[in-house]
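Here is the structure we will look at.
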Amino acid sequence: MPGESRPRATEPRAPSSFQRDALAAYKGLPQARVVFCDPPYDKGWLEKIVAAEAAAGRIVEGGLFLYEARDKEALPAETPTLRHYDTKNYGDSSVHYFVKLPA
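Numbered by our numbering, the letters in the sequence shown go through residues 2 to 104 in order.
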């Protein structure tokens with residue numbers, strides 16, 4: 002009806018973006034189907050973020066974890082919680098696609 006507003010609980014939620022300490026922010030995220038990380042290159046962030054995911058469980062089972070890295074950075078094919086399944090190259094950067102494994 003005109004003049005009525007929808008209850009806030011039914012409003013779509015906007016995606017979240019953090020430009021601060023990624024590990025501190027990660028612990029406070031709600032569960033998500035997709036998480037994209039674009040950390041500083043060549044600083045060992047993948048291991049830190051994988052450990053944070055193992056502890057916090059922010060990605061739902063079967064969800065996607067996208068990790069941007071320098072195209073020459075070696076990444077594991079599988080971690081305890083994530084399996085690498087694709088890579089897309091963009092110049093000297095690559096986006097690596099991981100899927101969240103069942104617990």
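Where is the CB? At the ideal position from N, CA and C, for every residue including glycine.
Annotation: Glu48 is outside any beta strand (DSSP E); the continuous alpha helix (DSSP H) that includes it extends over Trp46 to Ala57. Boundaries of the beta strand (DSSP E) harbouring Thr88: Leu83 to Tyr91, taken from the DSSP string.
By the C-beta density criterion, Phe66 is buried, having at least 16 other C-beta atoms within 10 angstroms. By the beta-carbon neighbour count (other beta carbons within 10 angstroms, threshold 16), Leu47 is buried. With fewer than 16 neighbouring CB atoms inside 10 Å of its own CB, Ala78 falls in the exposed class.
Glu62 is not a Cβ neighbour of Ala33, given a cutoff of 8 Å. A distance below 8 Å separates the beta carbons of Leu83 and Val51. Closest in alpha carbon position to Phe99, among Ala57, Pro40 and Glu69, is Glu69.
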